[in-house]
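Trainee:
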Amino acid sequence: MPNEPLLTVQSLTVGYGGSTALDSVSISIYPEELLSVVGANGAGKTSLIRSIAGVVRPLDGEIRWRGVDIAGFPPWEICELGIAQVPEGRELFRNLSVEENLLIGGSLKRARARRSGNIQQVYGLFPRLLERRLQAAGTLSGGEQQMLAIGRAIMAEPELIMFDEPSIGLSPSLTRAMFDIVKMLHAKKTTILLVEQNVADSLSIGDRGYVLENGHVVLEGTGAALLTNKEVRRAYLGL
Amino acid sequence: MTSLKGPLINRRVAMKGAVGLAAATMAPWVRAAAPPPVKVGAIMPSSGILAFPGQSCVRGIDLGAKFARERYGVDMTVVHADTQSKPENGRIAADSLIQQGCNVLIGAWDSGATISALQAAEAAKIPMVVHIASANQVTSQGFTQVFRFYPPAATIVRQSLAEMKALVTSVNDPPKGAVVLHLSNTMGTSTATSLDAAWKELDLPVKLLEYIPYDEKARDLSVEVAKAKASGADALVSVTRVNDAIMIIRECIKQAWNPKLIFSPNGNGVPDKAFYDALGKYADGAMSSNLWYNPKGEDARTIVDRFQSTYANEWLDANSGCAFEAVQIVADAVVRARSAVSSEICAALKATDLKPILMYSGPIKFDATGQNTGAAVTVLQAKESKPHVVGPDAIAEYKARYPLVPFEKR
Amino acid sequence: MLTLWGNVLASGILMGLVYGIIALGLTIIFGVIRIVNFAHGAMVVFGLYVGYCAGAWWGIPTIVAAVGAGALLFVFGYGLETLVVKRFVTRPHHIQFILFIGISLVLSGAQLIAFGPDPRPSVSHLSFETIAVGPIRLDLARLQAATVAAVMILALAGFLKYSTFGRFIRAAADNRLGGLMVGLPIPKIYATTFGIGAACAGGAGALISPLFDAQPFLAVDFTLLAFVTVIVGGLGSFVGALVGGLTIGLTEAFAALLFAPSLKSALSYGLLMIVLIVRPRGFFGAKET
Amino acid sequence: MQKKRDALPDRGAVLGCLAAFAVLAMLGGVLNPYLISLLTIVFLFTFIGQSWSIMLGLGGQLSIGHALFVGIGAYSVAVLNIRYGLSPWFGLVVGMALAATIGATLAWLSFRFEVRGIYFALLTIAAAEFSRVVFSGWEFVGGMQGLFFPAQSGPNSFWMLRGDARFYYFVSLAAVLLGVSATALIRLSFLGYVWRAMRDDEDASRALGVRTFLHKILVVSFSGAWAAIGGGLLALVQGSVFPDSIMGMGISVDILVGPIVGGLGTAFGPLIGTLITLPLDHLASAIGNKFGIPGLNNVGYGLALIAAVWLLPDGIWPAIVNSAKSITRLSWFGNLQMEQVKK
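Residue numbers (full-length UniProt numbering), protein chains in the order written: chain A, 1 to 239; chain B, 1 to 410; chain C, 1 to 289; chain D, 1 to 343.
#1: With a threshold of 7 Å on Cβ separation, who are the neighbours of GLY143 (chain A) within its own chain once the five nearest residues in sequence on each side are excluded?
#2: Going by C-alpha distance, which of B:ALA382, B:PRO174, B:ARG306 and B:ASP353 is nearest LYS66 (chain B)?
#3: Per DSSP, what kind of secondary structure is GLY221 (chain A) in: helix, strand or coil?
#4: On the DSSP bridge list, what partners appear for GLY263 (chain D)?
#5: Check each residue of the segment 252-280 of chain C: if its Cβ is closer than 8 Å to any Cβ of chain D, include it; give the result in chain order.
#6: Determine the DSSP secondary structure at ALA18 (chain B), reduced to helix, strand or coil.
#7: Just tell me which of A:GLU213, A:ALA177 and A:SER107 has its CA closest to the CA of ASN21 (chain A).
#8: Residues of the segment 280-295 of chain D with a CB closer than 7 Å to any CB of chain C: list them in chain order, please.
#9: Pull up the distance between the alpha-carbon of VAL23 (chain D) and that of LEU173 (chain D), whole angstroms please.
#10: Below 9 Å between beta carbons is the criterion; list the residues of the segment 57-70 of chain D that meet it against any residue of chain B, in chain order.
#11: Any beta carbon of chain C sitting closer than 8 Å to that of PHE126 (chain A)?
#12: Please name the residues in the segment 36-62 of chain B whose beta-carbon is closer than 9 Å to at least one beta-carbon of chain C, in chain order.
#13: Establish whether the CB of ILE125 (chain D) and some CB of chain C are separated by less than 8 Å.
#14: Whole angstroms is fine: what's the gap from ALA32 (chain B)'s alpha carbon to GLY73 (chain B)'s?
#15: Quick one, which residues of the segment 78-107 of chain A are near chain C if we go by CB-CB under 7 Å, in chain order?
#16: Tell me, please, whether the CB atom of TRP108 (chain D) is closer than 8 Å to any CB atom in chain C?
#17: To the nearest angstrom, how far is the alpha carbon of ALA124 (chain B) from that of PHE52 (chain B)?
#18: Identify the contact partners of VAL55 (chain A) in chain C, using a Cβ-Cβ distance below 9 Å as the criterion.
#19: Taking Cβ-Cβ distances below 9 Å as the criterion, which residues of the segment 151-170 of chain A are in contact with chain C?
#20: Under a three-way DSSP split, which group does ARG166 (chain D) fall into?
#21: Using a Cβ cut-off of 8 Å (strictly closer), state whether SER240 (chain D) contacts chain B.
#22: Is DSSP giving LYS350 (chain B) helix, strand or coil here?
#23: Only counting the same chain, and skipping five residues up and downstream in sequence, which positions put a Cβ closer than 6 Å to that of GLN100 (chain B)?
#24: Counting only beta-carbon atoms, is ARG87 (chain C) nearer than 8 Å to chain D?
#25: Please state the DSSP three-state secondary structure of LEU236 (chain B).
#26: Counting only beta-carbon atoms, is TRP65 (chain A) nearer than 8 Å to chain C?
#27: Quick one, which of D:VAL171, D:ALA104 and D:LEU92 has its alpha-carbon nearest PHE158 (chain D)'s?
#28: On the CB-based measure, 16 or more other CB atoms within 10 Å of its CB, does ALA155 (chain C) come out buried or exposed?
#29: ASP164 (chain A): which of A:ALA156, A:ALA177 and A:ILE150 sits nearest, CA to CA?
#30: I need the DSSP call for ILE248 (chain B), collapsed to helix, strand or coil.
#31: In angstroms with no decimal places, state the Cα-to-Cα distance between SER323 (chain D) and TYR168 (chain D).
#32: Which word fits ARG234 (chain A), buried or exposed, when buried means at least 16 other C-beta atoms lie within 10 angstroms of its C-beta?
#33: Using a C-beta to C-beta distance shorter than 7 Å, which residues of chain C count as neighbours of TYR75 (chain D)?
#34: Does the distance from the CB of ALA121 (chain D) to the CB of ALA228 (chain D) come in under 8 Å?
#35: Does any CB atom of chain B fall closer than 8 Å to the CB of PRO135 (chain C)?
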């Protein structure tokens with residue numbers, strides 16, 4: 001593992017109208033790493049992703065991308081740096097066709113030139129999307145929508161993909177398929193930040209992990225170490 | 001409540017009494033000198049939806065004040081107030097002007113603001129000369145301070161139809177049927193109602209075929225004109241403001257309808273500059289009856305020329321004309337009263353018997369309700385992109401042309 | 001009789017298309033930014049004045065004036081969004097309402113100062129001409145406006161459907177948060193959309209200048225007219241604007257023919273209420289607000 | 001975001017409030033007629049504005065067609081008084097009943113079909129414009145020619161609600177006091193608590209057993225009846241009713257400016273806001289006239305409105321309260337400020 005982290009979050013504080021979602025959180029992600037951040041509902045996981053993406057403006061703290069503080073950058077500039085996300089609830093463009101969703105994902109300057117090639121790649125990865133490429137995104141099934149959200153992120157040729165609860169609302173078999181895709185992307189040397197409520201599965205594939213609780217980081221370590229941690233086992237795995 | 005307002009009223013009454021007393025004791029010197037300085041408050045809708053006539057009135061007032069200073073030697077200051085075309089502001093404007101020391105008011109163009117302003121005038125016993133406002137109620141609601149130069153709609157219509165009758169009985173091939181296209185607003189409805197009565201009363205030899213009312217905010221009159229054309233009428237009687245007057249003529253041209261006569265009794269709009277700007281040669285021949293300046297009056301030429309040199313891009317129209325005349329009525333009263341005290345001006349206004357300065361009218365006299373009994377209309381016809389007086393005969397600049405030249409032959 | 005009916009039908013259709021084009025700008029802005037531009041009417045009147053100046057001062061044909069007015073208002077709308085409206089996009093409706101009332105007052109006041117209250121007629125031969133198709137007479141000014149409306153809608157639809165930026169606009173309209181997450185330049189998209197909406201209002205204003213004489217306080221009437229049109233058709237939909245315009249145009253035409261003309265606006269407001277109550281999103285409105 | 005009911009006001013706050021009104025009442029005895037007329041209109045618009053403010057600030061329903069209710073009230077008073085010589089009090093009661101019924105019907109129809117948010121606002125415009133056109137064509141109520149009250153002569157009569165300018169000053173001031181008390185009482189009452197809960201989260205309050213459908217109808221109908229009283233008084237003060245002016249878009253817009261600028265849903269916001277905006281409008285108009293540039297007032301007023309919503313998003317009154325809170329006993333008034341209205 002190289003020494004320089006790709007992304008460092010330093011004492012990040014995020015709040016909405018008086019209530020605090022993240023309180024002085026610090027994490028770092030190293031290149032080509034699969035980092036799992038787990039926590040219960042309302043622990044601040046989504047706030048973490050959204051503030052890295054620039055959708056939510058942090059109250060305090062630093063977000064360093066290759067050493068540059070990007071906190072407060074607008075989302076489109078952050079995307080242009082190579083940070084993509086597969087958001088919670090997918091946030092697709094429901095009235096646009098599958099192909100249009102992908103085209104929009106690939107409209108960033110960093111990837112625009114190779115857009116048509118990338119589309120073929122996504123179709124190769126998810127043949128179902130090719131079948132439905134002219135269908136409106138809103139008419140797809142849950143699993144297909146998740147594929148599209150991932151495909152849209154891939155179109156940006158990101159260096160870091162952030163997954164926000166990719167397993168939510170999916171059947172166990174689809175969930176497994178989803179984690180397989182995450183692993184596959186990881187194998188292709190993409191850095192991944194995986195945020196999950198599904199503690200067991202995500203920690204088991206993660207190189208390292210953090211546990212968030214009420215806006216604080218309470219534990220950190222390798223995925224395997226966390227899985228065997230007594231507290232984690234009691235609080236999250238019901239063991 | 002009474003205890004709170006008691007002292008103030010007493011003080012006001014006392015003050016007024018003192019002024020009156022002073023005037024009375026000073027009388028010997030004052031009477032010999034020029035009329036005292038007087039402050040005139042003008043309430044007009046200078047902004048808002050009625051800004052068009054409102055600003056036109058403001059021009060008439062300003063020119064009228066200049067003229068009155070020279071003619072009567074009255075040291076007259078005009079203070080303007082804007083109602084923003086909202087009735088509730090009439091009273092505020094009036095009170096504001098009274099507060100600024102105005103001895104007499106002129107206004108307020110629309111009946112709503114006029115009534116509202118009259119309440120303030122009534123309370124403060126400040127006379128108000130209503131230059132324009134056509135609702136009957138302005139003089140029928142018991143206000144004692146009102147002096148209305150403008151005649152009620154019924155009077156205008158009866159006089160207009162009398163003129164129209166004179167015209168159609170004197171020409172060959174008179175029109176057989178008429179259709180009435182009228183606005184459904186205050187002015188339009190009252191005019192149309194009077195029209196119906198006066199038409200029967202005067203027994204016009206033209207058959208009234210149909211009434212077609214339309215909304216003030218109409219954006220399109222094509223169907224209305226198509227209906228009028230389909231009625232088989234060969235005379236168009238219209239009651240309009242300027243925008244719809246233009247729209248109607250445009251539609252007549254587009255639908256190739258060539259009535260022999262186009263006549264607008266109480267015709268706002270047809271004598272307006274915009275009508276001619278919009279229609280050019282197609283405006284010619286349209287007739288309207290209106291309060292208008294007397295082209296043969298002694299001072300008319302001078303006043304019109306002065307207006308033209310002051311406001312190069314505007315016309316002296318009915319609005320500015322009536323406002324001008326209202327200022328002269330006030331000046332005349334001030335001279336006769338030799339006083340700037342409102343009650344004395346009011347008394348003098350009651351005794352007005354003035355030969356009109358600019359407008360065509362009989363002698364201006366106010367009856368017990370405050371209505372000018374001398375008001376009279378003129379008939380105008382458009383010729384070479386200007387309205388000209390064609391009736392009554394005594395003041396006509398030209399003889400009315402009949403029938404109209406079909407639009408496509410112009 | 002048949003001729004009368006034919007003419008009324010033709011006039012209703014053409015006027016309906018004119019209403020449609022007047023309303024287009026309102027619907028575009030709502031569709032993407034989800035704000036109701038209550039200053040829409042003032043922008044239409046802005047276009048009317050451009051049409052007036054072009055015709056009366058420089059003798060420029062209406063259609064050229066419309067392009068000019070469109071360009072001018074695009075810049076105005078783009079600037080207005082960037083400087084002011086942007087800050088109000090996420091604010092409650094009533095705050096936006098006051099904002100646009102303020103903007104509308106400023107525009108109307110400026111027009112009153114610049115041109116005075118007199119109606120300003122555009123001097124165009126179109127104001128007086130018709131072409132005859134059999135016994136039916138088609139109003140040339142309306143025909144021109146309707147044709148341009150059709151072309152404009154096709155062009156806009158094409159732009160939105162096939163160009164990259166058009167796709168961005170549709171995506172932003174569809175899901176603003178999703179747009180932010182994939183890095184769409186939302187401020188630029190919103191400003192451009194507002195510009196396009198304003199340009200449509202201005203262009204429409206110039207196009208209809210042979211039909212309506214410019215006056216500052218027509219703004220409220222045009223705003224209300226545009227509302228009626230787009231709500232009947234469906235706020236946010238292009239086709240809706242046209243269908244709404246046609247519905248209103250035909251209703252008004254036949255109401256004027258069959259009932260009292262002065263009640264025709266009551267009829268269109270009545271229709272509007274029924275549509276709002278029974279089908280609040282209009283004929284073609286987007287499902288989700 | 002406070003969800004608990006407002007604390008009861010302490011005696012000092014109530015006394016302070018009464019003192020303010022006493023000062024206004026005393027001013028009624030000494031001010032010149034111009035200020036009296038101006039303030040009368042300010043109070044009437046405040047009173048109508050309060051009704052509008054209740055509907056949005058506490059009930060969460062945006063109306064841009066409040067002129068409908070104002071017009072109904074004005075016409076009820078005018079028709080019964082002018083046509084039948086009945087006391088305006090009857091007119092006010094009839095107007096309230098009519099406006100409440102119309103409001104309830106409109107609300108019932110809209111909420112039954114899930115018309116909400118901006119669509120409800122647009123529906124109120126349509127309803128107001130529809131009735132404006134209908135009243136324009138309705139001969140019985142005077143049509144476009146309107147109805148006129150006879151000139152006031154003789155002593156002030158509380159029974160006939162006719163009197164001089166000062167009389168109307170006190171009547172409208174009393175109305176505002178009534179409005180302030182009503183707003184404060186509703187806020188403190190269970191009803192106000194329910195309405196605000198419903199405004200903030202309709203689904204949640206329904207889940208808690210609030211019959212939101214009924215309450216929404218209640219808010220609209222209550223606010224409509226209130227506005228109708230204001231309309232009746234306005235008709236008496238201006239001496240005439242015309243459909244265009246009393247039921248037009250102009251009234252709907254004019255009444256909501258004050259409350260928004262002053263502070264929505266608060267007891268004092270509408271008063272403070274209208275006290276600032278309406279005289280400002282008149283001042284701008286006077287300045288425009290002085291320089292002979294009509295239209296300047298529209299530009300100035302428009303800019304002021306933009307500035308107000310830009311700089312003071314919650315309104316002037318909450319801003320005053322927040323800055324005064326720490327030093328005075330105004331804390332109770334602080335409770336009266338509006339929580340952010342949700343979209």
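Cβ coordinates follow ideal geometry from the N, Cα and C atoms, glycine included.
Mentor: The relevant details are as follows:
#1: For the purposes of this step, residue 143 (chain A) is identified with residue 143 of the first sequence, where counting begins at 1. Excluding residues within five positions, the ones whose Cβ falls inside 7 Å are LEU170 and LEU174.
#2: Here residue 66 (chain B) refers to the residue found at position 66 of the second sequence. Minimum Cα distance to LYS66 (chain B) is reached at B:ARG306.
#3: Walking along the first sequence from the start, residue 221 (chain A) turns up at place 221. Strand.
#4: What you label residue 263 (chain D) is simply residue 263 of the fourth sequence in a count that begins at 1. According to DSSP, GLY263 (chain D) bridges with nothing at all.
#5: Here the close residues are ALA260, SER262, LEU263, SER265, ALA266, TYR269, GLY270, LEU272, MET273, LEU276, ILE277, VAL278 and PRO280.
#6: Counting from one through the second sequence, the residue named residue 18 (chain B) turns up at place 18. Note that ALA18 (chain B) scores a pLDDT of 43, beneath 50, so its modelled location is shaky and nothing firm can be said.
#7: For the purposes of this step, residue 21 (chain A) is taken as the residue at position 21 of the first sequence. Inspection of the sequence shows that residue 21 (chain A) is occupied by Ala rather than by Asn. Ranking A:GLU213, A:ALA177 and A:SER107 by Cα distance to ALA21 (chain A) puts A:GLU213 first.
#8: ILE293, PRO294 and GLY295
#9: Mapped onto the fourth sequence, residue 23 (chain D) falls at position 23. Mapped onto the fourth sequence, residue 173 (chain D) falls at position 173. Approximately 11 Å between the Cα atoms of the pair.
#10: none
#11: As a first step, residue 126 (chain A) must be located in the first sequence, where it is residue number 126. So, not an interface residue.
#12: SER46, SER47, GLY48, ILE49, LEU50, ALA51, PHE52, PRO53, GLY54, GLN55 and SER56
#13: One-based indexing of the fourth sequence puts residue 125 (chain D) at position 125. Cβ-Cβ to chain C under 8 Å: yes for ILE125 (chain D).
#14: Position 32 of the second sequence, counted from the start, is the residue given in the question as residue 32 (chain B). Position 73 of the second sequence, counted from the start, is the residue given in the question as residue 73 (chain B). Because ALA32 (chain B) carries a pLDDT of 44, less than 50, the predicted location of this residue cannot be relied on, and the following value inherits that uncertainty. Straight-line Cα distance between these residues: approximately 13 Å.
#15: Taking a C-beta cut-off of 7 Å against chain C, the contacting residues of the segment 78-107 of chain A are CYS79, GLU80, GLN85, PRO87, GLU91, LEU92, PHE93, ARG94, ASN95, LEU96, GLU100, LEU103, ILE104, GLY105 and SER107, listed in chain order.
#16: Counting from 1 along the fourth sequence, the entry for residue 108 (chain D) is found at position 108. Taking 8 Å as the CB threshold, TRP108 (chain D) stays off the interface with chain C.
#17: Within the second sequence, numbered from 1, the residue matching residue 124 (chain B) stands at position 124. Within the second sequence, numbered from 1, the residue matching residue 52 (chain B) stands at position 52. Approximately 30 Å between the Cα atoms of the pair.
#18: If you number the first sequence from 1, residue 55 (chain A) lands on position 55. Chain C residues near VAL55 (chain A): LEU177, LEU180 and MET181.
#19: ARG152, ALA153, MET155 and ALA156
#20: In the fourth sequence, residue 166 (chain D) corresponds to position 166, counting from 1. Helix, per DSSP.
#21: Counted from its first residue, the fourth sequence places residue 240 (chain D) at position 240. With its beta carbon less than 8 Å from one in chain B, SER240 (chain D) belongs to the interface.
#22: Here the question's residue 350 (chain B) lines up with position 350 in the second sequence. Helix.
#23: By 1-based counting over the second sequence, the position of residue 100 (chain B) is 100. Answer for GLN100 (chain B): VAL79, listed in chain order.
#24: Taking the third sequence and counting its residues from 1, one reaches residue 87 (chain C) at position 87. With 8 Å as the cut-off, ARG87 (chain C) counts as an interface residue toward chain D.
#25: In the second sequence, counting from the first residue as 1, residue 236 (chain B) sits at position 236. In this structure, LEU236 (chain B) counts as strand in the three-state DSSP scheme.
#26: In the first sequence, counting from the first residue as 1, residue 65 (chain A) sits at position 65. Output row for TRP65 (chain A): interface = no.
#27: Looking up residue 158 (chain D) in the fourth sequence gives position 158. Checked all of D:VAL171, D:ALA104 and D:LEU92; the closest Cα to PHE158 (chain D) is D:VAL171.
#28: Locating residue 155 (chain C) in the third sequence gives position 155, counting from the first residue. Burial call: exposed.
#29: Walking along the first sequence from the start, residue 164 (chain A) turns up at place 164. When only C-alpha atoms are compared, the closest one is A:ILE150.
#30: As a first step, residue 248 (chain B) must be located in the second sequence, where it is residue number 248. DSSP places ILE248 (chain B) in helix when its eight states are reduced to three.
#31: Residue numbering aside, residue 323 (chain D) sits at position 323 when the fourth sequence is read from its first letter. Residue numbering aside, residue 168 (chain D) sits at position 168 when the fourth sequence is read from its first letter. Between SER323 (chain D) and TYR168 (chain D), the C-alpha separation is close to 34 Å.
#32: Numbered from 1 along the first sequence, position 234 holds the residue referred to as residue 234 (chain A). Residue burial is scored here from C-beta neighbours: ARG234 (chain A) has fewer than 16 other C-beta atoms within 10 angstroms and is therefore classed as exposed.
#33: As a working note, residue 75 (chain D) is residue 75 in the fourth sequence. Residues of chain C passing the Cβ test: none, with the nearest at roughly 16 Å.
#34: Counting from one through the fourth sequence, the residue named residue 121 (chain D) turns up at place 121. Counting from one through the fourth sequence, the residue named residue 228 (chain D) turns up at place 228. Cβ distance not < 8 Å, so ALA121 (chain D) and ALA228 (chain D) don't count as in contact.
#35: The residue given as residue 135 (chain C) occupies position 135 in the third sequence. Closer than 8 Å: no.
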